[in-house]
Amino acid sequence: MDMIEIKKGGVYTVVSSSGDDKPMITEGEYVGYAILGEEGSLVLRVSSEGKSKLRLIPVGTISYIEFDEENMVSKNKEDDKGKTTYFN
5 MDMIEIKKGG VYTVVSSSGD DKPMITEGEY VGYAILGEEG SLVLRVSSEG
55 KSKLRLIPVG TISYIEFDEE NMVSKNKEDD KGKTTYFN
């Protein structure tokens, strides 16, 4: 299997724990990776009430990430340099 890549500008659905009984579902554009305290976080641009906001989702709270197959593997690696984040 090829490596799955999360690319800046791609739209993803992230399901994470919210502290409630129900998981939090976030759909937005991936804009990068940030450190929140001592933990890494995905940063997604989300729209709410007509406003664009950034949402940091700590990696440890993520249950799963959904995206289209066409966004999984880069067709031209040179075009995506600097746009890709890899997770272990």
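Using our numbering, you'd call the opening residue of the sequence shown number 5 and step up by one each time.
All residues carry an ideal CB built from backbone N, CA and C; glycine is no exception.
What you are looking at is a predicted structure, and each value in this text was computed from that prediction instead of being measured.
Classification of residue i by the beta-carbon crowding that lies within 10 angstroms, buried from 16 upward
i      : result
Ile-8  : exposed
Ile-39 : exposed
Gly-64 : exposed
Closer than 8 Å: residue i CB and nearest the ligand ADP heavy atom
i      : result
Ile-69 : With respect to small molecules bound, the structure shown includes none, and the ligand ADP cannot be examined in it.
Option in the options with minimal Cα separation from residue i
i      : options                           : result
Leu-48 : Gly-23, Lys-57 and Glu-42         : Lys-57
Tyr-34 : Asp-25, Ser-20 and Val-50         : Val-50
Val-15 : Gly-41, Lys-26, Gly-36 and Glu-53 : Gly-36
Glu-43 : Ile-29, Ser-21, Ser-22 and Ile-61 : Ile-61
Cβ separation of residue i and residue j, assumed to be a contact under 8 Å, to the nearest whole Å
i      : j      : result
Val-19 : Ser-67 : 5 Å
Own chain, CB closer than 6 Å to residue i, minus 5 neighbours either side, in chain order
i      : result
Met-28 : Ser-20 and Ser-22
Neighbourhood of residue i by C-beta distance below 8 Å, restricted to the same chain and skipping five residues each side
i      : result
Ser-45 : Tyr-37, Ala-38, Ile-39, Leu-60, Ile-61, Pro-62 and Val-63
Thr-17 : Ile-29, Thr-30, Glu-31, Ile-69, Glu-70 and Phe-71
Going residue by residue through the stretch 8–62, where are the continuous alpha helix (DSSP H) segments of at least 4 residues, counting only ones entirely within it? The alpha helix (DSSP H) runs lying completely inside the stretch 8–62 and spanning 4 residues or more number zero.
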